[in-house]
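The next block holds one structure in the form of structure tokens; read it before the comments.
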Amino acid sequence: MKNIVHIIDNLTLGGAETLLFSTIKKMSCFEHHIILLDPKIHIKDINNYAKIYCLNHTGWHSLISSCRKLQKLVATINPVIVHSHLFLSSFITRLALGKKYKIFYSIHTIYSAAIFKKWYLVLLEKYVYKKEHTLIAVSNYALHDYKQTITQCTNGNVLYNFIDNSFFLPATSSDKQKNQSLKKWVAVGSLKAVKNYETMISLFQRYYEASDEKEGIVLDIYGQGHLQNVLQDQINQASLPVRLMGKVDSIHEVLDKYDAYFSTSLYEGYGIAPMEAMSRGLPIFLSNIPVYNEVYSGYAFFLDVNKKESNSLLEAIEKHQAMSDDQKKTLAQKSKEYSIKVANGDQYIQRLMEIYDIKQ
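Count the sequence shown with the working numbering and you get residues 15 to 374, in order.
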């Protein structure tokens with residue numbers, strides 16, 4: 015079997031890491047080798063699908079050592095493809111390997127907002143950029159942002175993320191129940207600043223306080239992160255029916271319990287969670303950011319999240335409630351069909367093989 019080397023910071027439960035694992039599972043005709051910068055592994059069963067190596071990278075002071083280890087490992091594996099993910103892993107990969115291998119590197123976020131606020135990282139990226147390397151962006155906006163910030167590269171590709179087939183299974187709750195009520199709200203994502211949960215809770219508070227029928231209204235947030243205590247304090251002070259649910263498996267089954275999906279992210283590279291919600295027929299209420307407009311226009315109710323005192327959630331809910339039941343059902347059905355069309359795993363692998371210019 016042909017060898018493919020994947021290089022990533024670690025294997026925690028982030029979007030890039032989950033996507034990599036899902037991709038590997040669908041490419042069983044290759045021998046997969048994952049090289050980590052640090053040894054954190056939170057993904058179960060990954061050893062059943064790939065051989066794992068670690069550079070034990072500990073910071074910029076270990077850059078030369080990490081590059082040498084990577085060179086030796088890759089030379090031993092002798093891959094047909096080297097594919098790196100996330101900024102640091104991609105930087106080290108291109109610095110260490112140069113033009114010697116067929117290198118692909120994926121960007122999963124908006125670099126100007128997340129990475130390139132530090133001017134020296136822009137210089138480092140420009141230094142390792144080679145036209146022989148192939149860029150894969152998770153959205154058109156992410157690619158546009160990279161071109162604006164780094165270079166007008168001609169070797170960039172856009173490949174939307176995909177969702178697991180489990181999301182396309184029949185719903186466990188009736189669609190009729192979802193369409194009739196917007197009381198049970200759900201949000202999914204790590205508890206970090208970019209997700210803008212403080213604004214989400216403030217918008218939800220305005221909706222809750224304005225509601226004539228408060229019984230049964232709830233917002234459940236699934237995810238973990240360093241802002242948990244801050245958010246819990248905000249919830250407690252306002253006495254809101256908002257629950258921090260932590261991490262959960264089988265999120266597709268959890269989504270079926272809710273009436274609507276909610277995201278107030280300040281920026282996203284793609285934003286896979288709304289697609290997962292759409293696949294279950296939920297209406298999605300999203301911040302009005304470029305990537306969400308690119309991916310979800312025509313399906314989402316967009317919100318102004320620049321002000322915590324905004325009434326945009328109330329206004330979006332009014333738009334949804336003004337729809338007839340038939341219109342709501344049609345939106346749910348079209349949302350499901352769109353998610354199957356855009357986030358299909360088999361199509362993703364086919365397109366990835368085309369970018370790799372290699373046959374399975």
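Where a beta carbon is used, it is the ideal one built from N, C-alpha and C, also for glycine.
Candidates the options: closest to residue i by CA position
i	options	result
I22	K39, C68, K16	C68
L149	V96, V88, I129, I235	V96
A64	P53, I48, A346, T72	I48
L34	S120, A128, D340	S120
Q341	N320, Q361, Y313	Y313
V185	K40, S264, R257, K58	Reading off the sequence, residue 185 comes out as Ala, not Val. The option with the nearest alpha carbon to A185 is S264.
F101	M292, K113, L111, V136	V136
H56	L77, E31, L345, G295	E31
N175	S338, D339, G285	G285
V26	G237, S126, T168	According to the sequence provided, residue 26 is Thr. The question's Val does not apply to it. With distances taken between Cα atoms, T26 lies closest to G237.
S126	Y160, K144, E229, A151	Y160
K144	S153, V152, G170	G170
I124	K132, A291, S153, R257	S153
E146	K132, K114, F130	K114
K39	G28, G29, D226, N62	N62
Y352	F181, F276, S80	F181
M289	Q335, G359, V319	G359
L258	I215, S324, Q335, Q162	I215
E122	I129, A151, F130, K132	Here residue 122 turns out to be His, not Glu, going by the sequence shown. Taking only the C-alpha atoms, the option nearest H122 is A151.
Neighbour-count burial assignment, residue i, 16 or more Cβ in a 10 Å radius
i	result
A357	buried
N179	exposed
L366	buried
R108	buried
Q347	exposed
L233	buried
E329	exposed
K350	buried
H75	exposed
A2	Any property of residue 2 remains undetermined from this structure, which presents the chain solely from 15 to 374.
Y141	exposed
Q364	exposed
R294	buried
M15	exposed
V305	buried
K228	exposed
N193	Because the pLDDT of N193 is 48, which lies under 50, any placement of that residue in the model is unreliable, and the question is left without a value.
T168	exposed
K355	exposed
K190	Since pLDDT at K190 reaches only 46, below the 50 mark, its modelled position is unreliable, and the value read off the structure follows with that caveat. K190 is exposed by the Cβ-count criterion.
K262	According to the sequence as given, residue 262 is Val; it is not Lys. Exposed is the call here.
I249	buried
T72	exposed
A336	exposed
G29	buried
S79	exposed
K209	buried
Y219	In the sequence as presented, Tyr is not what sits at residue 219; that position holds Gln. With 16 or more other Cβ atoms within 10 Å, it is buried.
Under 9 Å between C-beta atoms of residue i and residue j
i	j	result
I106	S98	yes
Y272	K198	yes
E139	I164	yes
L217	K322	yes
S103	L183	no
P297	L196	yes
Y221	L327	yes
A287	I235	no
V94	I303	no
L173	I369	yes
N17	E45	yes
L157	Y211	no
A291	L269	yes
V19	L77	no
Beta bridge counterpart(s) of residue i as assigned by DSSP
i	result
D234	V200, R257
C68	L50
F35	Looking at the DSSP assignment, F35 forms no beta bridge with any residue, so it has no partner.
G170	L149
E267	None; E267 has no bridge partner.
E45	N17
H158	BP columns for H158 are empty, so no partner.
F316	L300
Y119	S98, L149
A274	W199
L25	I55
Neighbour flag for residue i against chain D, beta carbons, 9 Å
i	result
S349	The displayed structure is made up of one protein chain only, and chain D is not part of it.
If we count Cβ pairs, one from each stretch, closer than 8 Å, do we get three or more for the region 199–213 versus the region 235–255?
-> yes
Touch check for the region 249–258 and the region 273–280: three-plus C-beta pairs under 8 Å?
-> no
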